[in-house]
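To start, the structure under review is shown below, and the notes come after it.
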Amino acid sequence: MANPSATGALLPFAHRRARGAGFESLFYYACVGAATTLLCAMAGVCVLLAVGGWPAISTFGLGFFTSTVWNPVTDVYGGAGPILGTLITSVIALLLALPLAFLTAVFLTEFCPHPLRRPIGIAVELLAGIPSIVYGMWGLFVFAPLFATYVETPLMAEAAPGTIWERLFSGIPNGSGVLTASIILAIMILPFIAATLRELFLSIPMRVREAAYGMGCTPLETIWSVTLPYVKRSAIGAVMLGLGRALGETMAVTFVIGNSHHLPRGLFDSGATISSTIANEFAEATSEMHTSALLALGFVLFLITFLVLALARAFLGHGHNA
Amino acid sequence: MNGSLDIFSRRNRRRFANMLFVATCTLATLMALLALAAILASLLRNGFGSLNLAVFTQDTPPPGVAGGLRNAILGSVLMCVGAMILAVALGMLAGTWLAEYSRDSWYAKTVRFVNDVLLSAPSILVGLFVYEVAVRPLHSFSGIAGALALALIAAPIIARTTEDVLRLQARSLREAGVGLGAPVWVTIRRILWKSAAGGILTGALLAFARISGETAPLLFTSLNNQFFNLNMLKPIANLPVTIFSFALSAYEDWRHLAWAGALLIAISVLGINTLVRILSARGQA
Chain V
14 MANPSATGAL LPFAHRRARG AGFESLFYYA CVGAATTLLC AMAGVCVLLA VGGWPAISTF
74 GLGFFTSTVW NPVTDVYGGA GPILGTLITS VIALLLALPL AFLTAVFLTE FCPHPLRRPI
134 GIAVELLAGI PSIVYGMWGL FVFAPLFATY VETPLMAEAA PGTIWERLFS GIPNGSGVLT
194 ASIILAIMIL PFIAATLREL FLSIPMRVRE AAYGMGCTPL ETIWSVTLPY VKRSAIGAVM
254 LGLGRALGET MAVTFVIGNS HHLPRGLFDS GATISSTIAN EFAEATSEMH TSALLALGFV
314 LFLITFLVLA LARAFLGHGH NA
Chain U
327 MNGSLDIFSR RNRRRFANML FVATCTLATL MALLALAAIL ASLLRNGFGS LNLAVFTQDT
387 PPPGVAGGLR NAILGSVLMC VGAMILAVAL GMLAGTWLAE YSRDSWYAKT VRFVNDVLLS
447 APSILVGLFV YEVAVRPLHS FSGIAGALAL ALIAAPIIAR TTEDVLRLQA RSLREAGVGL
507 GAPVWVTIRR ILWKSAAGGI LTGALLAFAR ISGETAPLLF TSLNNQFFNL NMLKPIANLP
567 VTIFSFALSA YEDWRHLAWA GALLIAISVL GINTLVRILS ARGQA
């Protein structure tokens with residue numbers, strides 16, 4: 014049908030100069046301009062955050078990254094709490110979501126009864142598009158109270174004093190905290206990762222899997238030694254895209270993490286992430302240093318997500334959406 | 327005999343491992359679907375319970391007074407439409423450049439990479455950027471700043487789909503246009519864009535769905551406004567930020583309005599996404 018190769022482009026004809034050549038170049042420069050605008054937006058985000066955050070970073074030095082004192086009253090800012098909070102919640106969320114998403118994707122491509130495949134697949138994809146504020150509200154009003162009553166309180170009562178469990182489960186059992194935020198994040202990125210992995214599995218040529226089955230492999234062996242190796246690279250990229258989402262997610266976290274800047278002492282303790290701190294404080298920041306400290310945090314988030322997303326793209330290559 | 331017994335037991339082991347795997351997969355899917363169903367269920371229950379005509383006809387109230395979300399809904403629509411106008415222009419032109427003119431130069435590769443990163447970059451950082459560019463210099467939060475932030479989130483999605491769809495168009499289409507003596511830009515406008523219109527529309531709709539629920543970039547660009555306002559140079563009410571502040575408030579009425587707003591957003595996002603599926607299914611048929 015179509016010729017998808019890059020050689021399909023119009024460029025070979027672009028030297029033609031006919032009537033309306035003025036519009037020709039006008040249109041060309043509009044296109045180049047639009048592309049450059051996107052480039053500049055990205056560069057602008059990076060530069061403005063770096064410049065805006067510089068006063069805070071230069072004033073507090075390395076302490077900005079290691080200190081946990083965040084005090085707008087005395088104008089002293091150390092961002093270790095939010096920075097670590099971002100990393101911890103995202104990693105826990107990924108650890109929770111990845112196995113479920115992988116197994117769901119496998120179920121949908123291998124074991125699901127045929128009449129249900131399309132509906133469930135579509136449902137998963139639609140759920141990946143639900144705005145994060147909905148997940149956040151559900152977390153705050155529905156999940157957190159249940160979690161406090163049925164998980165946090167019993168676990169804290171069970172944990173023997175002096176053991177690692179006591180440390181892990183310390184905090185106030187009010188339902189909001191680091192683990193709650195991680196679970197909500199996990200639920201949010203689950204459909205996204207599952208949908209991407211499912212798309213990857215479906216892209217494998219039928220004959221490759223048929224060959225494995227033809228040799229007498231069980232589905233488990235087929236997936237383990239044929240399907241997974243086939244999509245390994247892209248799958249890593251998809252997972253990193255999911256991690257990128259979790260790192261930058263604001264609303265789903267802000268509702269349920271409890272918003273305090275100290276280092277979380279346990280899984281049930283309140284904490285903060287970079288994005289939740291910015292969301293809560295930026296519009297109300299009064300002193301220059303406070304604004305600068307928030308911008309510096311934004312710069313750190315930018316560097317982390319840029320790294321993760323760039324790696325994801327390197328693994329995925331061009332050609333995968335979302 | 328011994329050998330066949332051995333094979334037999336090995337086969338059993340493999341069967342058993344496989345059965346366990348199938349069971350785990352099924353269980354995982356059930357768990358995932360259950361969690362997501364729980365979210366939808368509570369959204370529908372709380373949302374429809376709080377939805378009434380007043381939501382559409384009255385403005386956001388002070389605590390304790392009955393009211394609706396009219397100003398927030400209108401503000402959201404206004405900003406999203408403004409953002410989409412900007413984003414479609416920007417995204418289509420950039421995508422066209424990438425597909426038709428760029429010749430895969432290093433500059434094109436950079437733009438493409440940056441666009442891909444921008445696609446999934448944290449939206450709150452886009453909000454910070456627009457704050458520094460459009461809010462701080464003008465000393466005022468404004469609807470325009472909000473629209474600008476949303477446009478920067480939508481444009482990469484449109485640029486990406488435009489490029490992908492244009493690359494799928496047959497070379498003969500381009501040759502036909504040029505063969506008729508049409509300048510390249512007319513060929514692009516009148517022939518390529520036309521035949522790619524379905525795909526570009528899909529991308530635009532997806533981008534629209536994405537920005538209609540975005541909250542983080544609006545927190546410090548359009549801010550919020552308790553009153554009815556259609557002036558884009560002033561802070562303007564919008565659904566996501568209203569939901570955010572109402573949900574975190576201590577007032578029962580406000581929380582009900584937040585649920586109603588969340589339901590409205592979820593319905594519109596799901597509606598747009600469903601529309602996209604119907605459109606693209608028809609395109610393939």
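Taken in sequence, the protein lines are chains V and U. Following my numbering, the numbering of the first sequence begins with 14 at its first residue and continues without gaps. Following my numbering, the numbering of the second sequence begins with 327 at its first residue and continues without gaps. Quick reminder that beta carbons are idealized off the backbone N, C-alpha and C, glycines included.
Could you check where the alpha helix (DSSP H) with residue i kicks off and where it finishes?
| i | result |
| --- | --- |
| G401 (chain U) | R396 to T422 |
| D490 (chain U) | G469 to L494 |
| H303 (chain V) | E301 to L329 |
| D619 (chain U) | The displayed coordinates of chain U run from 327 to 611. Any statement about residue 619 (chain U) would go beyond what the structure contains. |
| P566 (chain U) | L565 to A573 |
| L260 (chain V) | L241 to G261 |
| M228 (chain V) | That residue, M228 (chain V), is in no alpha helix (DSSP H); it is neither H nor E in DSSP. |
| F160 (chain V) | A157 to F160 |
| V504 (chain U) | R497 to G505 |
| V191 (chain V) | V191 to L215 |
| L168 (chain V) | T166 to E171 |
| E179 (chain V) | I177 to L181 |
| F534 (chain U) | A523 to S538 |
| F151 (chain V) | The sequence given here has Trp at residue 151 (chain V), not Phe. Run containing W151 (chain V): S145 to W151, per the alpha helix (DSSP H) assignment. |
Look up residue i in the DSSP assignment and say whether it is helix, strand or coil.
| i | result |
| --- | --- |
| V137 (chain V) | helix |
| G393 (chain U) | coil |
| G271 (chain V) | strand |
| G284 (chain V) | strand |
| E560 (chain U) | The displayed chain sequence assigns Lys, not Glu, to residue 560 (chain U). Three-state DSSP puts K560 (chain U) in coil, outside helix and strand. |
| D430 (chain U) | coil |
| I514 (chain U) | helix |
| R438 (chain U) | helix |
| S71 (chain V) | helix |
| G35 (chain V) | helix |
| S18 (chain V) | Residue confidence is low: S18 (chain V) scores 43 on pLDDT, short of 50, so the model does not pin down where it sits. Its coordinate-derived value is still stated next. Correct three-state label for S18 (chain V): coil. |
| Y577 (chain U) | coil |
| I365 (chain U) | helix |
| C59 (chain V) | helix |
| R278 (chain V) | coil |
| L113 (chain V) | helix |
| I185 (chain V) | coil |
| L359 (chain U) | helix |
Are the CB atoms of residue i and residue j nearer to each other than 9 Å?
| i | j | result |
| --- | --- | --- |
| L395 (chain U) | L565 (chain U) | yes |
| A157 (chain V) | S189 (chain V) | yes |
| S431 (chain U) | I562 (chain U) | no |
| L61 (chain V) | L454 (chain U) | yes |
| F154 (chain V) | N372 (chain U) | yes |
| L116 (chain V) | A354 (chain U) | yes |
| T386 (chain U) | G375 (chain U) | no |
| F205 (chain V) | A118 (chain V) | no |
| Y90 (chain V) | A63 (chain V) | no |
| A47 (chain V) | G587 (chain U) | no |
| I217 (chain V) | V244 (chain V) | yes |
| A471 (chain U) | N441 (chain U) | no |
| S195 (chain V) | L109 (chain V) | yes |
| T102 (chain V) | F570 (chain U) | no |
| F534 (chain U) | A480 (chain U) | yes |
| F160 (chain V) | A172 (chain V) | no |
| R278 (chain V) | G175 (chain V) | no |
| A391 (chain V) | W83 (chain V) | Here chain V covers residues 14 to 335 and nothing more, so residue 391 (chain V) does not appear. |
| L492 (chain U) | T422 (chain U) | yes |
| R130 (chain V) | I202 (chain V) | no |
| I399 (chain U) | A542 (chain U) | no |
| T304 (chain V) | S288 (chain V) | no |
When DSSP builds the beta bridges, which residues end up paired with residue i?
| i | result |
| --- | --- |
| G90 (chain V) | The sequence given here places Tyr at residue 90 (chain V); Gly does not occur at that position. According to DSSP, which records beta bridges pairwise, Y90 (chain V) is partnered with V:W83. |
So, does the CB of residue i fall closer than 9 Å to a CB anywhere in chain C?
| i | result |
| --- | --- |
| I96 (chain V) | Note that chain C does not occur in the displayed structure, where the protein chains are V and U. |
Check your understanding: Any chance the segment 406 to 415 of chain U sits against the segment 214 to 225 of chain V, with 3 or more Cβ pairs inside 8 Å?
Key -> no
Review point. If you pair each beta-carbon of the segment 280 to 300 of chain V with each one of the segment 83 to 95 of chain V, do three or more pairs fall below 8 Å?
Key: Between the segment 280 to 300 of chain V and the segment 83 to 95 of chain V there are three or more inter-stretch CB-CB distances shorter than 8 Å, so the stretches are counted as touching.
Check your understanding: Is it true that the segment 131 to 145 of chain V meets the segment 227 to 236 of chain V, where meeting means three or more beta-carbon pairs spaced less than 8 Å apart?
Key -> no
Check your understanding: Is it a yes or a no for the segment 105 to 124 of chain V touching the segment 334 to 353 of chain U, going by three-plus beta-carbon pairs under 8 Å?
Key -> yes
**Study point:** Contact between the segment 246 to 258 of chain V and the segment 323 to 330 of chain V (3+ Cβ pairs under 8 Å)
**Key:** yes
Exercise for review: Determine contact between the segment 472 to 491 of chain U and the segment 518 to 538 of chain U, defined as no fewer than three beta-carbon pairs at a distance below 8 Å.
Suggested key: yes
**Study point:** Contact the segment 500 to 515 of chain U vs the segment 568 to 579 of chain U: 3+ CB pairs below 8 Å
**Key:** no
Exercise for review: Could you tell me whether the segment 459 to 466 of chain U touches the segment 497 to 508 of chain U, using the rule of 3 or more Cβ pairs below 8 Å?
Suggested key: no
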